[in-house]
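Right, one structure below, let's go through it.
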Amino acid sequence: MPFNEVRKDYLLDRWVVIATGRGRRPTDFAKQQAQPVKAGVCPMCPGNEHMTPPAFLVYLRSDKRVKKSEDKDDQRHKDWLIRAIPNLYPAFSRPQGKVDSKQVCKSRNLAMAVGHHEVLVESPIHDEHPANARITQLVLVINAYVDRLRQLSAKPYVQYVSIFRNHGLEAGASLSHAHSQIIATPFVPTIVKEEMKAAKKFWKEKKKCAFCDIIEKESKGPRLILENSKFAVFTPYASVNPMEFWMFPKNHQTSLLDVREDEAETFAETLKECLGRLKCLVNDPPYNFGFHMTMNKETSDYYHWHLEVYPKLATWAGFEKSTGVYINTMTPETAAESLREASSH
Ligand SMILES: [Zn+2]
Ligand SMILES: [Zn+2]
Ligand SMILES: [Zn+2]
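Residue numbers (the working numbering): 2 to 346.
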């Protein structure tokens, strides 16, 4: 019997056993029935705005343009396109008054969870998820990400802004209304920091962005899913999750703040296409996605923003949890082949 491959991530010291023995195909995962989310009154649906705290950002239609506003105390805007609201149970909380770094870092192993935790309601339509969203609406979602990122990253105590999405109960979405979350932290999270460190080393040695190099190689290889004028999407060489894929801007950009207005539409189309294919291929699986980016000028030469999408088709058990080594039962090459050929609707 041939050996399985043990692959290392492009940049991280993270290892994955690509266990091809069972020869699993995407259709093997499609049989799982999505667990229904409990029905009831949805606090994110239009008409229930009073069930949430006041929104600090609301997109409203004004003639043919979009007007930005906010809720005030008891008053809630109706007929909104997008709403950004505070998370009711924030992991990181906004500071009261001015903060300095000493108030955040108490000691070497204790910091205060100062920051922000927000929910972005992506649409007034309950199930307008990216895989089936109108492109015009998805462009508004991207614009709202950029608006919040610009505001939060300017705060002196914020070192990182994580924008992510949980889809489906098994992926941690307790509410099924289309929404994303944004958490601003007073430190740079480990995975991003490790990616930065390795990318810096590569840049020093090769005078080139490691991510630009990865994109160039993957565009010509068996893991490419799709490529257009602005973006490339592929399954990473050492995919931790079955069907995992990453999306990169082809131009060297460091954060979502670099995405130009004319690029947002292609971004929305690319995102919808990939998530649509995943949905069709594996019966709307639960997934998480998260952006990796930098807002730091010092790292802008060698850090390149991207979106990582992690379908939740496997359960991490004893070996993964106790060792940090993962077993992936579908090769990224098989996943890419299926995602290349799949229809998105
Ligand atoms: Zn709803
Ligand atoms: Zn680059
Ligand atoms: Zn990354």
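All C-beta atoms in this analysis are idealised placements derived from N, C-alpha and C, irrespective of residue type, glycine included. Given the structure is predicted, the values throughout are model-derived calculations rather than measurements.
query, result
"Looking at the strands, I want to know which residues DSSP matches up with residue 248.", "234 and 308"
"Thinking just about the alpha-carbon of each residue, which of 296, 127, 286 and 21 is nearest to the one in residue 2?", "21"
"Considering residue 317, what are the terminal residues of the alpha helix (DSSP H) in which it resides?", "That residue, residue 317, is in no alpha helix (DSSP H); it is neither H nor E in DSSP."
"Look at the alpha carbon of residue 93 and the alpha carbon of residue 11, and state the distance between them as a whole number of angstroms.", "31 Å"
"What three-state label does DSSP hand residue 1 in the structure shown?", "Any property of residue 1 remains undetermined from this structure, which presents the chain solely from 2 to 346."
"According to DSSP, residue 204 sits in a beta bridge with which residue or residues?", "Paired residues: none, contrary to the question."
"Could you give the residue range of the beta strand (DSSP E) that holds residue 87?", "81-87"
"Quick check: the Cα distance between residue 211 and residue 139, rounded to an integer number of angstroms?", "29 Å"
"Using 8 Å for Cβ pairs, my map puts residue 232 next to residue 244. What's the rounded Cβ distance?", "The Cβ separation is near 18 Å, so there is no contact."
"Under three-state DSSP, which class holds residue 93?", "coil"
"What's the C-alpha gap between residue 110 and residue 191?", "15 Å"
"At a cut of 8 Å, does the stretch 160-178 reach the stretch 263-274 through at least three beta carbon pairs?", "no"
"Write down every uninterrupted run of the beta strand (DSSP E) in the stretch 6-36 whose length is 3 residues or greater and which is fully enclosed by it, in chain order.", "6-9 and 16-19"
"I need the straight-line Cα distance from residue 146 to residue 257, nearest angstrom please.", "8 Å"
"Bridge partners for residue 119 per DSSP, in chain order?", "87 and 183"
"Which residues does DSSP pair with residue 106 in a beta bridge?", "112"
"So within the stretch 242-295, which uninterrupted beta strand (DSSP E) runs reach at least 3 residues, ignoring any that extend past its ends?", "246-250 and 288-293"
"Between the C-alpha atoms of residue 259 and residue 4, what's the straight-line distance to the nearest angstrom?", "44 Å"
"Less than 7 Å separating the Cβ of residue 46 from some heavy atom of ligand 2?", "no"
"From 91, 116, 180 and 328, pick the residue whose C-alpha is nearest to that of residue 156; which is it?", "116"
"Kindly indicate which residue of 208, 188 and 198 has the alpha-carbon position closest to the one of residue 102.", "188"
"Given a cut-off of 8 Å on the beta-carbon distance, is the pair residue 27 and residue 283 in contact?", "yes"
"Over what stretch of residues does the alpha helix (DSSP H) that includes residue 224 continue unbroken?", "No alpha helix (DSSP H) contains residue 224, which DSSP labels as neither H nor E."
"From the DSSP output, in three-state form, read off residue 154 for me.", "helix"
"Sorry if obvious, but does the Cβ on residue 253 come closer than 7 Å to a heavy atom of ligand 2?", "yes"
"Locate the alpha helix (DSSP H) running through residue 58, then write down its first and last residues.", "Unbroken run through residue 58 is the beta strand (DSSP E), 58-63; no alpha helix (DSSP H)."
"Exposed or buried, residue 42, counting other C-beta atoms within 10 Å across all chains shown (16 or more means buried)?", "exposed"
"Please go through the same chain and pick out, in chain order, the residues whose beta-carbon is closer than 6 Å to the beta-carbon of residue 340, but skip the five residues on each side of it.", "226 and 278"
"Since I believe residue 337 is in contact with residue 223 (beta carbons under 8 Å), could you give me their beta-carbon distance rounded to a whole number of angstroms?", "6 Å"
"Starting from residue 163, trace the beta strand (DSSP E) both ways and give me its first and last residue.", "161-168"
"Can you give the Cα-Cα distance for residue 131 and residue 276, rounded to whole angstroms?", "7 Å"
"Between the stretch 79-95 and the stretch 112-126, can you find at least three pairs of beta-carbon atoms closer than 8 Å?", "yes"
"I'd like the list of long-range same chain contacts for residue 18, defined as Cβ closer than 6 Å, with 5 residues on each side in sequence excluded.", "5, 7 and 328"
"Have a look at 280, 65, 193 and 62 and flag the residue whose alpha-carbon is nearest the alpha-carbon of residue 294.", "193"
"Collect the residues with a C-beta less than 6 Å away from any heavy atom of ligand 3 and give them in sequence order along the chain.", "196, 293, 307 and 309"
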